[in-house]
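Enquirer: In the numbering used here, the protein residues as written are 23 to 409.
Note that the Cβ used here is the ideal one computed from N, Cα and C, for glycine as well.
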């Protein structure tokens, strides 16, 4: 929560989640809101099948379940956030355990609410072509096939409708309930966008600092190693990408603003690969200090292999293997670059591992001129202290 707006958003999130929980209990006890005045209240029950063996168009459950559920127990983006922002907001280091575990338990709680909204809340009623569908029919209208549920909009829409049904059980009108859930989703997106922009600024500053230490590109590197220059670069780059239309659509005001969906197919696998690389860094930190490392190294191996496996399978689709599909060379190039960088880091780690035992890292010297209040600092030194 780095900005006042983030603090306000946190209150909105907690309030909305509290309403969803209360609505869930009311719907479980009394039923959902009646579809028409005077009708019986529909019972809340799980309408999603326990197992759907052959969903139309769906990929293999293994390894894709581990990149479809791309947050929760482990997430690369969370690793960036915790090291880039959360660590700087701790009053003292001993608070890290409570904040870290508490945050992930809270996210697990949110994930449970999302599952209930999509698997049970939808059954309380979904409007489709002027007709209110209930029960299994309501769920099938959103999840009849893999294609029907494909895409970010379809997934978010299912959660909004299902959770809005919980609020409607409290007597809240359909329009207000949907708007409240829309605010919940937008608040999550807003805080994520703010944090992602800050993290991108850190990355740009670190890369520019590397070039400055090597004596290359002094003028642009000096600008980008400054927090204002790096932030402007990050915002302009993200804005330019967001302005692009999806696919081969012509640029119009109607198609602009959806450029983020171009890279969306890569999110799950790259996010989890980043988590595996974060485990790799943690493993080396422990290994250098002669501390137990097996409890991190074992999940590291899993998180390096399975997401890479899923991304390699996705590459077949990016090459246009489906009938009538065109190759998406942007996704192909990014996926290949990601796999190559991962392989590079793993090979370097294997070569360095035997020699790293007991060898403590040496901090890089600060960049000349990057001073603040007379003290030389780096982006990693902004804020935070230990007790």
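(1) Count the other CB atoms within 10 Å of the CB of residue 322; is the residue buried (16 or more) or exposed (fewer)?
(2) Can you give me the C-alpha to C-alpha distance between residue 339 and residue 349, rounded to a whole angstrom?
(3) Between 309, 56, 261 and 216, which has its C-alpha nearest residue 374's C-alpha?
(4) Would you call the CB atoms of residue 222 and residue 256 closer than 7 Å?
(5) Closest to residue 229 by CA distance: which of 248, 212, 213 and 218 is it?
(6) In this structure, how does DSSP classify residue 38 when only helix, strand and coil are distinguished?
(7) Tell me, please, which residues DSSP counts as bridged to residue 153.
(8) Return the chain-ordered list of same chain residues with a C-beta closer than 6 Å to the C-beta of residue 394, the five sequence neighbours on each side being excluded.
(9) Are the region 62-71 and the region 150-160 touching, with three or more C-beta to C-beta distances below 8 Å?
(10) Does the region 360-368 come close enough to the region 286-305 that 3 or more CB-CB pairs lie under 8 Å?
(11) Tell me whether residue 305 sits in a helix, a strand or coil according to DSSP, three-state version.
(12) For the alpha helix (DSSP H) containing residue 336, list its first residue and its last residue.
(13) Between the alpha carbons of residue 398 and residue 106, how many angstroms are there, rounded?
(14) By Cβ distance, which residues of its chain are closer than 8 Å to residue 192, with the 5 residues on each side in sequence left out?
(15) When we look at the beta-carbon of residue 301 and count the other beta-carbons within 10 Å, is it buried (16 or more) or exposed?
(16) Taking the alpha helix (DSSP H) that residue 183 falls in, what are its first and last residues?
(17) On a CA-only basis, which of 180, 213 and 208 is nearest residue 150? Give me that one, please.
(18) For residue 333 versus residue 291, is the C-beta spacing smaller than 7 Å?
(19) Quick one: Cα of residue 403 to Cα of residue 81, how far?
(20) Locate the alpha helix (DSSP H) running through residue 91, then write down its first and last residues.
(21) Output the boundary residues of the alpha helix (DSSP H) element that contains residue 376.
(22) To the nearest whole angstrom, what separates the beta carbons of residue 174 and residue 283, a pair I think is in contact under 8 Å?
(23) Can you list, in chain order, the residues of its chain whose CB lies under 7 Å from that of residue 278, leaving out five sequence neighbours each side?
(24) Contact between the region 139-150 and the region 186-200: three or more CB pairs below 8 Å?
(25) Assign residue 65 to one of three DSSP states: helix, strand, or coil.
(26) Taking DSSP as the reference, what is the three-state secondary structure of residue 193?
(27) Count the other CB atoms, across all protein chains shown, that sit within 10 Å of the CB of residue 252; report buried if there are 16 or more and exposed otherwise.
(28) With a threshold of 16 other CB atoms inside 10 Å of the CB of residue 227, please say whether the residue is buried or exposed.
(29) For the alpha helix (DSSP H) containing residue 105, name the first residue and the last one.
(30) At the 7 Å Cβ level, is residue 98 part of the contact set with chain D, yes or no?
(31) Taking residue 137 as part of the alpha helix (DSSP H), name the residues at either end of that continuous run.
(32) Measuring straight from C-alpha to C-alpha, what distance separates residue 154 and residue 172?
Expert: The relevant details are as follows:
(1) buried
(2) 8 Å
(3) 309
(4) yes
(5) 248
(6) helix
(7) 150
(8) Residue confidence for residue 394 is low, a pLDDT of 46 falling below 50, so the modelled location carries little weight and cannot support an answer.
(9) yes
(10) yes
(11) helix
(12) 316-340
(13) Annotation note: pLDDT 39 at residue 398 (below 50); position unreliable, coordinate value reported separately. Rounded to the nearest angstrom, the two C-alpha atoms are 19 Å apart.
(14) 41, 44, 45 and 48
(15) buried
(16) 174-190
(17) 180
(18) yes
(19) Summary for residue 403: the model assigns pLDDT 46, below 50, so the residue's position carries little reliability; its value from the coordinates is reported in the next sentence. The alpha-carbon atoms of residue 403 and residue 81 are separated by roughly 44 Å.
(20) No alpha helix (DSSP H) holds residue 91; DSSP gives it neither H nor E.
(21) 351-378
(22) 6 Å
(23) 265 and 267
(24) yes
(25) coil
(26) coil
(27) buried
(28) buried
(29) 98-106
(30) Going by chain labels, chain D is absent from the structure shown, which holds only one protein chain.
(31) 118-141
(32) 22 Å
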